[in-house]
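J.:
Residue numbers (the UniProt record's numbering): 1 to 349.
#1: Can at least three beta-carbon pairs, one atom from the stretch 87 to 94 and one from the stretch 40 to 60, be found at a separation below 8 Å?
#2: Would a C-beta distance cut-off of 8 Å place residue 64 and residue 92 closer than the cut-off?
#3: Between which two residues does the alpha helix (DSSP H) containing residue 199 stretch?
#4: Would you list the one or two residues that DSSP bridges to residue 86?
#5: Three or more C-beta pairs under 8 Å: does that hold for the stretch 147 to 157 against the stretch 295 to 309?
#6: Which residue comes first and which comes last in the alpha helix (DSSP H) that contains residue 120?
#7: Can you find the residues in the same chain that come closer than 7 Å, C-beta to C-beta, to residue 164, ignoring five residues on each side of it along the sequence?
#8: Would you mind reading off the limits of the beta strand (DSSP E) that contains residue 129?
#9: If we count the other Cβ atoms within 10 Å of its Cβ and call it buried at 16 or more, is residue 180 buried or exposed?
#10: Output the distance between the C-alpha atoms of residue 260 and residue 83, rounded to the nearest integer angstrom.
#11: Under 8 Å between the Cβ atoms of residue 247 and residue 71?
#12: Might you give, ordered along the chain, the residues of its own chain that have their beta carbon closer than 6 Å to the beta carbon of residue 151, omitting 5 neighbours on each side?
#13: Considering residue 153, what are the terminal residues of the beta strand (DSSP E) in which it resides?
#14: For residue 41, does the count of other Cβ atoms within 10 angstroms reach 16, so buried, or fall short, so exposed?
#15: In terms of residues, what are the limits of the alpha helix (DSSP H) holding residue 254?
#16: Drop a sphere of 10 angstroms on the beta-carbon of residue 254, count the other beta-carbons inside from all chains shown, and report buried for 16 or more, exposed for fewer.
#17: Using DSSP with H/G/I as helix, E/B as strand and the rest coil, what is residue 103?
#18: Is there contact between the stretch 184 to 195 and the stretch 319 to 329, where contact requires at least three CB pairs shorter than 8 Å?
#19: Please classify residue 43: does DSSP put it in a helix, a strand, or coil?
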């Protein structure tokens with residue numbers, strides 16, 4: 001029966017067309033459900049996970065980053081559902097309406113990937129397409145490394161695969177290269193950055209993050225903080241006050257700590273993934289990044305992406321797409337282009 005299901009799923013995926021479907025007009029309902037998007041809670045791996053879904057057909061699992069939610073994929077969910085796919089977008093552990101265990105140790109990649117394996121079981125899915133952004137990309141890379149049997153193909157945005165360096169812990173490297181005021185380093189002390197965000201206000205902080213388009217490193221200095229909440233942050237055309245209000249309502253309820261705990265687990269992940277040192281990603285992958293994305297301008301990143309390093313660790317890499325005039329939150333900034341790239345890639349499988 002599984003072989004029959006796989007064959008049927010493969011035929012469905014190849015038969016799906018990629019005709020353009022406009023997503024710009026979609027407006028969220030007051031409850032954030034969006035047009036035709038259903039919501040439910042699923043018990044996975046010891047936590048209750050909120051899951052948004054739309055459409056029927058081969059499943060596409062969307063994984064968000066920080067400070068995002070399932071909502072960051074609303075455009076792609078509408079677009080993929082209209083093309084004959086089943087779009088599934090959870091709030092990851094620690095975010096939105098999903099449970100947020102207090103301890104940073106509960107946010108290792110083994111925990112997060114474990115959540116997703118349980119989610120796929122609850123969906124009745126043997127294998128899925130996976131799309132990730134930011135931390136969601138890191139989770140997707142690890143899902144494909146730990147359980148390639150669960151992934152048909154993957155499209156990752158912004159965050160390239162990072163091979164484990166057995167001689168260097170991540171935080172030690174970041175402090176050496178960028179200093180203690182680098183945002184990831186500032187996120188490490190529990191409660192400290194949460195207090196800074198509380199001073200600035202949730203909506204202001206979200207606007208600051210989501211509109212960030214500086215290709216240089218992000219710093220939040222200890223002496224000056226991250227600015228003044230009195231300063232106005234104009235929204236670009238692709239981000240509305242309605243969007244900000246939805247994100248704000250969820251972060252005011254759940255707080256930022258769950259998302260920050262992903263950063264606080266960097267060294268723990270380095271320790272736990274020692275058995276996968278040198279491991280390669282053995283599923284088909286398409287990687288997309290904006291030319292203004294801070295990750296694209298990290299030391300050595302472009303050489304790694306374009307001169308064979310990424311291909312060495314991801315041998316089934318289809319291509320690296322660099323979108324012009326695009327920042328880090330590329331799935332919101334370029335929704336139709338991202339939807340088309342996803343669709344054209346996964347329909348091959």
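The C-beta atom is built at its ideal place from N, Cα and C for all residues, glycine as well.
T.: With the structure as the only source:
#1: yes
#2: yes
#3: 192 to 200
#4: 59
#5: no
#6: 109 to 123
#7: 270, 273, 276, 277
#8: 128 to 133
#9: exposed
#10: 35 Å
#11: yes
#12: 130, 144, 283
#13: 151 to 157
#14: exposed
#15: 241 to 254
#16: buried
#17: coil
#18: no
#19: strand
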